[in-house]
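The opening residue of the sequence shown carries number 1 in the numbering used here; numbering runs sequentially from there. Beta carbons: idealized from backbone N, C-alpha and C, even for Gly. Computed from a predicted structure; not experimentally measured. The structure under discussion appears below in the form of structure tokens.
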Amino acid sequence: MGERFVVVPVDTGGAATGMREPSDSVVVDPVPDTGSRSTRGGDSDGGTVAGREAGEDSVFEPPEDPNAVVPILEYNREPNKYGDGVPKENSPFINNTDNDKGGSYDGTNMALFEEEMDSNPMVSSLLNKLANYTNLTQGAHEHEEADEDEGPKKKAVKSPQMGTFMGVYLPCLQNILGVILFLRLTWIVGSAGILESLAIVGLCCSCTMLTAISMSAIATNGVVPAGGSYYMISRSLGPEFGGAVGLCFYLGTTFAGSMYILGTIEILLTYIVPKAAIFVAEKKEDEGDALLNNMRVYGTCCLALMAVVVFVGVKYVNKLALVFLACVILSILAIYAGVIKTIFEPPDFPVCMLGNRTLQNQNFDKCLKTDVIDNLTVTTKLWTLFCDGPELNATCNDYFMKNNVTEVQGIPGLTSGVISENMWSVYGPLDMLVENKNLPSNEGSDSAQDMYMPYVVNDITTFFTLLVGIYFPSVTGIMAGSNRSGDLRDAQKSIPIGTILAIATTSFIYVTCVVLFGACIEGVLLRDKFGDSVKGNLVIGTLSWPSPWVIVIGSFFSCCGAGLQSLTGAPRLLQAIARDGIVPFLQVFGHGKANGEPTWALLLTAGICEIGILIASLDAVAPILSMFFLMCYLFVNLACAVQTLLRTPNWRPRFKYYHWALSFLGMSLCLAIMFISSWYYAIVAMAIAGCIYKYIEYRGAEKEWGDGIHGLSLNAARYALIRLEEAPPHTKNWRPQLLVLLNMDSDPGVKHPRLLSLTTQMKAGKGLTIVGNVLEGTYLTKEAEAKMAEQNIKSAMSAERTKGFCHVVVSSNLRDGMSHLIQSAGLGGMKHNTVLMAWPGNWKQSNDPQSWKNFIETVRETTAAHQALLVAKNVDSFPTNQDRLGEGTIDVWWVVHDGGLLMLLPFLLRQHKVWRKCKMRIFTVAQMDDNSIQMKKDLQMFMYQLRLDAEVEVVEMQDNDISAFTYEKTLVMEQRTQMLKQMHLSRTEREREAQLIHDRNTASHAAINDKGDAGPEHVHMTWTKEKLFMERSRNRESNTNAVVRDLFNMKPNQSNVRRMHTAVKLNEVVVNKSQGAHLVLLNMPGPPKNRGGDENYMEFLEVLLEGLNRVLLVRGGGSEVITIYS
1 MGERFVVVPV DTGGAATGMR EPSDSVVVDP VPDTGSRSTR GGDSDGGTVA
51 GREAGEDSVF EPPEDPNAVV PILEYNREPN KYGDGVPKEN SPFINNTDND
101 KGGSYDGTNM ALFEEEMDSN PMVSSLLNKL ANYTNLTQGA HEHEEADEDE
151 GPKKKAVKSP QMGTFMGVYL PCLQNILGVI LFLRLTWIVG SAGILESLAI
201 VGLCCSCTML TAISMSAIAT NGVVPAGGSY YMISRSLGPE FGGAVGLCFY
251 LGTTFAGSMY ILGTIEILLT YIVPKAAIFV AEKKEDEGDA LLNNMRVYGT
301 CCLALMAVVV FVGVKYVNKL ALVFLACVIL SILAIYAGVI KTIFEPPDFP
351 VCMLGNRTLQ NQNFDKCLKT DVIDNLTVTT KLWTLFCDGP ELNATCNDYF
401 MKNNVTEVQG IPGLTSGVIS ENMWSVYGPL DMLVENKNLP SNEGSDSAQD
451 MYMPYVVNDI TTFFTLLVGI YFPSVTGIMA GSNRSGDLRD AQKSIPIGTI
501 LAIATTSFIY VTCVVLFGAC IEGVLLRDKF GDSVKGNLVI GTLSWPSPWV
551 IVIGSFFSCC GAGLQSLTGA PRLLQAIARD GIVPFLQVFG HGKANGEPTW
601 ALLLTAGICE IGILIASLDA VAPILSMFFL MCYLFVNLAC AVQTLLRTPN
651 WRPRFKYYHW ALSFLGMSLC LAIMFISSWY YAIVAMAIAG CIYKYIEYRG
701 AEKEWGDGIH GLSLNAARYA LIRLEEAPPH TKNWRPQLLV LLNMDSDPGV
751 KHPRLLSLTT QMKAGKGLTI VGNVLEGTYL TKEAEAKMAE QNIKSAMSAE
801 RTKGFCHVVV SSNLRDGMSH LIQSAGLGGM KHNTVLMAWP GNWKQSNDPQ
851 SWKNFIETVR ETTAAHQALL VAKNVDSFPT NQDRLGEGTI DVWWVVHDGG
901 LLMLLPFLLR QHKVWRKCKM RIFTVAQMDD NSIQMKKDLQ MFMYQLRLDA
951 EVEVVEMQDN DISAFTYEKT LVMEQRTQML KQMHLSRTER EREAQLIHDR
1001 NTASHAAIND KGDAGPEHVH MTWTKEKLFM ERSRNRESNT NAVVRDLFNM
1051 KPNQSNVRRM HTAVKLNEVV VNKSQGAHLV LLNMPGPPKN RGGDENYMEF
1101 LEVLLEGLNR VLLVRGGGSE VITIYS
């Protein structure tokens, strides 16, 4: 990769310059790598094109001679210097970093696009990056290189060269075939029978094959870097699912390490050196506990040793991988060779039977009760096991005396016909005797003593579903190819072919082994899990050729290798999850040694692995890891199905032989196997995944990976929106969908954060909430400010736990911006129906009348749009979400009926814990001609039918004469209004006069500088500034006197007097009854139709709310929002 292809200049005739042949127009430039690359269309700093000089500003100078050669842009293939080969999440393309944005674009051909070059690179630059992309291996390989890299200069990156066979097929084969095949498959065949064993194998292999098809589709839909299946699931289903399933896969891999270590120790202590056992059972019934304790001690030591090996150097594990694989393949070949040999010469492994019961023959050498030596009949060692002495007249076990001892061949051979006896299942409880029903048997009188005799018995209760859970780990390991995608020459071709071929091969091996074991081995030997009836030999070893030790040694090293690889892979998987940052408490496990080796993750892995070893039983650990792997496979199938059904534009797998129905079938099989094998483990695994999912969701995973769940949400939202728009919501489904109009400080921060608290208390996360804000200006100049405001609002919403959307609008003025929000916020059927805003408390002190005018226009627009309006007065005194109001009341003043929102709001508020202890009181106003007693009864019945608990009170308002106070207050209001108008007029006149002075001064200077004679029209320019000020003061004094005279002589408008009277009287009643209430809800009167009285309207509202602390003015949208019907 050190050479660069340079296209040499060609002339217009098509011939190369100089003496070169046309075919040589593309030559290899032997200039060595320079280590840098310019961003100019793929041009290199280290080479020259057609004599280009370093100081030129353009890519090339156009030749003056039309016949001169035209150089063609060179295309540089240097090694990638833009990153570490890890695709960046924030880029749509591979290896897109900011390192190449430093250079300036100085070409002239594309000057029209030069301002956008940073975000939209030239096509040639993009192609150059893609051509130079090298997906480095992401596992132990780079750590190995880092260990060996002593000098300051790093090694040159080698392009991956592994093909399908070495890179995918063999690793998958090695991971799939393992401990269960050697230690448990014969026992599964003996217990379940050939037919049910084939059903187990078929069920599990079908599950993994369907998962492999789904995985192949995902793996060929782009580059799969570190993390393998975790990466595929998280990028397809999102960070929540990715984190949950990634951790499940990690736990599965960790417990797989436990299982392989337990398998290693079982082979060591049972078949290689049984005398190495520390705990030895003195009684037969204690043998199980002694074995478990030995497994715990030796397993812990083995785990510590393996962890040290992985910590010291992963390269040794990788180099031994081929040795471990060779052990697996040689062992399987030895099995097939042994099966073929049984046709001609079955091996001699006799099984001693007492009646129809199988005996453990480790403590005797002859399968005889008595033997004749020198014409004397003597007892054998077998006799002493069942009798209380070696004498012929000793007291013996009743069953022993009644039944004969016989020998049967443990391996009768392929042509013996034993296959018919092994077709059906033989399940049984714990301690059930392993018997051959075809042999004669006379029952003894004392069956209670059987457990102390040397019979072969079941060490656990056996049933079909248990065997499914124990067998399933033998088909896991299908992800080995996708985890090595960085090492592959063509990952998108190799992963599907290699994985599917490996599953097909291993499925064939398992199916043939089930049939051949059932056809060659006696049933009682098949059900003898530990080979006690054949002198402690491994049962599968008795079938192999040339020696049982081939299988014993091969399976031992195979389990060792698998354990080491689990301890190597699991910490890296945890490290990949931790470095993604989606599970905050795991971030410490993303660190490691200087070369990136995950030290902390290895420690955690060893700790979890120790839990599996303390369980000590391989049969108990296998279903645990089955659950975690099945969870992982389930979500791989789900990811493929979701992506296929959504038909997202980016879903373009190169592997075409997939279908959503196959993925759903695979997902269903995974779920079924989980509950078939162990329903309680399945629930625990799903609970763990669910907790992790909710934790990541709660902590807010700030990741956008273009996942399928996001696309699924969009599709579901679109469908729901279309359905919502078909018809307006029924009254029973009505709830306030809020548009909250926020104001911002100059910081810019949220001016009234308690408005968001009120929203949260009212909504409790239900329905739609849109928080809107208007910035004054143009979007082009205020874009950054708008984004900052949006971020601040989102932060405030998060702090107040307000769930909803943020919408910041930039408009030429606040009035239009508010109007745009009211009209256009929301989408389709998900539009707001209620507007919430704060009362403009300082409207009287403001010099700008536009603030209260905007408020009134908003009220008018919500009415025109048939939307409800809520106005909170003194909103900063409202309770926060952390407050808990004690005993108190929420008072509703129901003056006019405008849809029933007044009654609904207290009910919604009382659902929140802030207002839960408050009682609801409803007041209504009765006039003189109303029957207040009947009104109260009717109101109580109405509340009962509405299912609302509320105290009801009817307040009578006396029809008093208008008081002098009311008259005077109205007069003061109108005088103030008139004075403000005059002040505004005076200010306008002052501005006009100042402009006139400026214009005259300008014209005066122009006249002085003019060489020509001034005409008679310029005579008035001789006015001085002082003279003008004196004239203006005289006019103003006369005007002011006239205005003051008018103010004192004016009489208030009778309509305003009546309105003021209502406001004053109603305020007196409300203050009298509700001054101590936690919240007062009140009907909001509408603004006047005549816009000339807008300021008086504000004054009326101010009088109405005077003396009240927390008030929520409510204005209905014109439709019923509460109903008495079910």
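> What does Ser824 pair with, by DSSP beta-bridge criteria?
Replying inline: Partner(s): none; Ser824 has no beta bridge.
>> What residue range does the beta strand (DSSP E) around Phe923 cover?
In response: Following the DSSP letters along the chain, one finds Phe923 inside the beta strand (DSSP E) bounded by residues Cys918 to Ala926.
>> I need the straight-line Cα distance from His730 to Ser824, nearest angstrom please.
In response: 22 Å
> So is Cys609 buried or exposed if we call it buried at 16+ other beta carbons inside 10 Å?
Replying inline: buried
>> Helix, strand or coil, according to DSSP, for Asn96 in the structure here?
In response: For Asn96, the predicted structure reports a pLDDT of 43, less than 50, and the residue's modelled location is therefore unreliable. The matter cannot be settled from this model.
> Where does Lys873 sit, in a helix, a strand or coil, going by DSSP?
Replying inline: strand
> Excluding sequence positions up to five away, which residues of its chain have a Cβ less than 6 Å from the Cβ of Ala1077?
Replying inline: Thr889 and Asp891
>> Let me make sure I understand the geometry here. Which of Leu939, Gly243, Met943 and Met957 has the alpha-carbon closest to that of Met928?
In response: Closest by alpha carbon: Met957.
> Is Gly772 helix, strand or coil by DSSP?
Replying inline: strand
> How long is the line joining the alpha carbons of Lys766 and Leu638, rounded to whole angstroms?
Replying inline: 29 Å
>> Within a Cβ cutoff of 7 Å, which residues of the same chain sit near Lys917, ignoring the five residues on either side of it in sequence?
In response: Cβ neighbours of Lys917 within its own chain (closer than 7 Å, five residues either side excluded): Leu885, Gly886 and Glu887.
> Taking Cβ to Cβ, would you say Phe311 is nearer than 9 Å to Val297?
Replying inline: no
> Does any C-beta atom of chain D lie closer than 9 Å to the C-beta of Lys341?
Replying inline: In the displayed structure, chain D is absent; only one protein chain is listed.
> Whose C-beta lies closer than 6 Å to the C-beta of His1137 among residues of the same chain, with five residues either side of it excluded?
Replying inline: Not covered by the structure: residue 1137. The range shown for the chain is 1 to 1126.
> Within 10 angstroms of its Cβ, does Ser566 collect 16 or more other Cβ (buried), or is it exposed?
Replying inline: Buried, because 16 or more other Cβ atoms sit within 10 Å of the Cβ of Ser566.
>> Can you look up His807 in the DSSP assignment and give me helix, strand or coil?
In response: strand
> Helix, strand or coil: how does DSSP classify Tyr455 here?
Replying inline: Three-state result, Tyr455: strand.
> Ser216: buried (16+ other C-beta within 10 angstroms of its C-beta) or exposed?
Replying inline: buried
>> Would you call the region 620-637 in contact with the region 667-676, where contact means no fewer than 3 C-beta pairs closer than 8 Å?
In response: yes
>> Could you give the first and the last residue of the continuous beta strand (DSSP E) run that contains Asp371?
In response: Segment Thr370 to Ile373, the beta strand (DSSP E) holding Asp371.
> Could you give the C-beta distance for Leu742 and Thr769, rounded to a whole number, given that I count them as a contact under 8 Å?
Replying inline: Not a contact, Cβ separation roughly 12 Å.
>> Please classify Ser236 as buried or exposed, where buried requires at least 16 neighbouring CB atoms within 10 angstroms.
In response: Its Cβ being crowded by 16 or more others within 10 Å, Ser236 is buried.
> My guess is that Ile411 and Ile521 are in contact by the Cβ rule of under 8 Å, so how many angstroms apart are they, rounded?
Replying inline: About 6 Å separates the two Cβ atoms, so the contact holds.
>> Leu385 and Met453 - do their beta-carbons sit closer together than 9 Å?
In response: yes
> If we count Cβ pairs, one from each stretch, closer than 8 Å, do we get three or more for the region 165-173 versus the region 433-449?
Replying inline: No: the two stretches stay apart, fewer than three of their Cβ pairs being nearer than 8 Å.
> Exposed or buried, which one is Leu430 when buried takes at least 16 other CB atoms within 10 Å?
Replying inline: exposed
> Gly554 and Asn422: beta carbons closer than 9 Å?
Replying inline: It is not a contact, given that the beta carbons lie outside the stated cut-off.
> Whose CA, out of Thr760, Met941 and Lys853, lies closest to the CA of Glu1095?
Replying inline: Lys853
> Between Val339 and Cys367, which are expected to be in contact by the criterion C-beta below 8 Å, what is the C-beta distance as a whole number of angstroms?
Replying inline: No, Val339 and Cys367 are not in contact; Cβ-Cβ is about 26 Å, not under 8 Å.
>> Suppose contacts are defined by Cβ-Cβ distances below 9 Å. Is Gln409 in contact with Ala219 by that definition?
In response: no
> Thr379 and Cys387: beta carbons closer than 9 Å?
Replying inline: yes
>> Quick test of your reading: Ile200 and Val468, contact by CB under 8 Å. State the CB separation rounded to the nearest angstrom.
In response: Yes, Ile200 and Val468 are in contact; Cβ-Cβ is about 6 Å, under 8 Å.
>> Whole angstroms are fine: how far does the CA of Ile582 sit from the CA of Arg699?
In response: 9 Å
> Beta-carbon separation of Ala519 and Thr254 under 9 Å?
Replying inline: no
> What are the boundary residues of the alpha helix (DSSP H) that Met295 is part of?
Replying inline: Counting along the chain, Met295 sits inside the alpha helix (DSSP H) bounded by residues Glu287 to Val312.
> For the beta strand (DSSP E) that Asn1083 lies in, which residues bound it at each end?
Replying inline: Leu1079 to Asn1083
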